[in-house]
């Protein structure tokens, strides 16, 4: 029997990192990155959960678009030079919601600004690069895996139309939108060739939206309500405030976002078979923190490298950074033209869930791929296993907690990142320092 050769990353990537494409292809691939990211979903979700008035909700969405667009464009073009899309980190969702419900968004903006300044200084001085304990494949692989797990709840909520007990949950109309959308992505990305494989997400999106129109589930009224041009408000929540408790919570989340970004850098460079040196990593972190400073001043929250778009590279085979630059430009347009940004909101939640389902699944596999490269020993197994166990199980026991403890213990990504760092120090770094000190 002939030996079957497994498909490698080199075989999957058909369009290389520096390969330039015709303008139309660049635009379509960039548009696909925009739709696969959840840049617009996070601020809409956070604003809805806080109960922000319409003006502040619109400002939050525009601010995120502008920050994400600017940083995505600069990262791909000048800084880290990888096909990485920037967007709001899921690690901040719950703490932004908690801050908003406590009328603490001014303090949240202050905490984000100070955290971003600290990370920016650590980046440009090279000190951040020396914290290698935060950037081991054990930790970054665990965090990327948990980002995929945390997205799964959101994805299934969108896919099924909410939760059990909600009106229309898993109804025939909902499933008629979500299932075909997901099936098209899966079939075209796995069995498709050429354009069918490369544009699998965009094709699925168009088909899903057409189904939604036939079912009467597309609402065009939102476009009419939005202006053609708009600028974000400077300090929309009032003057910046600083509170130690708020700062510490946000700073921990920011460090988690940095670890998440490093995992994305590692994952994308592995898929593309390219090495990223310390300078590119330093530039990448500096670019992200500078974008987060801007975002905090216009009412947004921090951006980080998006892992789900790395899954898009693997599924479509398109690894060029030029479409990502186009995605950055599209985000900027959406940020300054609210009427255009409202077009994204037309896509019904079940269609979004259908697109996200395979993307989240690929993200989980990307985390597993990173973890497969770590040294196989009992210490690493325990770090990975305990961190994932705690991250998945602890939030269900923290439902009654309030304050900073409740915010932290309800966040899967924060728990996983914090646990993996502490366990890495206890099981690996500290014992190694003792051995060096004793000469053993």
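In the numbering used here, the protein residues as written are 203 to 642.
All C-beta atoms in this analysis are idealised placements derived from N, C-alpha and C, irrespective of residue type, glycine included.
Specify the secondary structure class of residue i as computed by DSSP and reduced to three states.
i	result
residue 290	strand
residue 518	helix
residue 506	strand
residue 207	Residue confidence for residue 207 is low, a pLDDT of 40 falling below 50, so the modelled location carries little weight; the figure read from the coordinates is stated next. Here residue 207 sits in coil by DSSP.
residue 306	coil
residue 446	helix
residue 614	helix
residue 373	coil
residue 295	helix
residue 282	coil
residue 410	helix
residue 384	helix
residue 327	coil
residue 644	An answer regarding residue 644 cannot be provided, because it is not within the stretch 203 to 642 covered by the chain.
residue 434	coil
residue 353	helix
residue 539	coil
residue 390	helix
residue 399	helix
residue 332	helix
residue 429	coil
residue 367	coil
residue 523	coil
If you count every other CB in all the chains shown that lies within 10 Å of the CB of residue i, and 16 or more means buried, which is it?
i	result
residue 448	buried
residue 433	exposed
residue 587	exposed
residue 437	exposed
residue 613	buried
residue 660	In the structure displayed, the chain extends from 203 to 642; residue 660 sits before or after that span and is not available.
residue 583	exposed
residue 609	buried
residue 570	exposed
residue 514	buried
residue 210	Legend: pLDDT at residue 210 = 45, less than 50; position of this residue unreliable, no value from coordinates given.
residue 646	Since the first residue shown for the chain is 203 and the last is 642, residue 646 is missing from the structure and cannot be characterised.
residue 418	exposed
residue 306	buried
residue 206	Confidence at residue 206 is low in this model, with a pLDDT of 38, below 50, so the placement of that residue should be treated as unreliable; the coordinate-derived value is given next. Residue 206 should be labelled exposed.
residue 537	buried
Can you check DSSP and say which residues form a bridge with residue i?
i	result
residue 340	Its beta-bridge partners do not exist; DSSP assigns none.
residue 270	According to DSSP, residue 270 bridges with nothing at all.
Whose C-beta lies closer than 7 Å to the C-beta of residue i among residues of the same chain, with five residues either side of it excluded?
i	result
residue 390	398, 399, 402, 405
residue 572	339, 342, 343, 346, 465, 468, 469
residue 430	539, 541
residue 273	288, 489, 490, 493, 505
residue 371	362, 363, 364, 365
residue 640	none
residue 439	307, 308, 311, 501
Can you list, in chain order, the residues of its chain whose CB lies under 8 Å from that of residue i, leaving out five sequence neighbours each side?
i	result
residue 296	609, 612, 613
residue 212	Only weak support exists for where residue 212 lies, its pLDDT of 43 falling under 50; the coordinates are left without a value.
residue 458	291, 293, 345, 615, 616, 619, 620
Using a Cβ-Cβ cut-off of 6 Å (strictly less than) and excluding sequence neighbours within five positions of residue i, which residues of its own chain qualify?
i	result
residue 380	361, 552, 555, 556
residue 270	241, 288, 289, 505, 533
Is residue i close to chain C, meaning its C-beta is less than 7 Å from at least one C-beta of that chain?
i	result
residue 636	Protein chains in the displayed structure number just one, and chain C is not present.
- request: Within the region 550-606, note down every full alpha helix (DSSP H) run reaching 4 residues or more, in order along the chain.
  value: 551-574, 580-599
query: Can you list, in chain order, the stretches of the alpha helix (DSSP H) that have 4 or more residues and sit fully within the region 209-268?
result: 211-214, 225-238, 243-252
query: For the region 440-501, which segments carrying the alpha helix (DSSP H) assignment without a break, of at least 4 residues, lie completely within its bounds, in sequence order?
result: 446-474, 480-499
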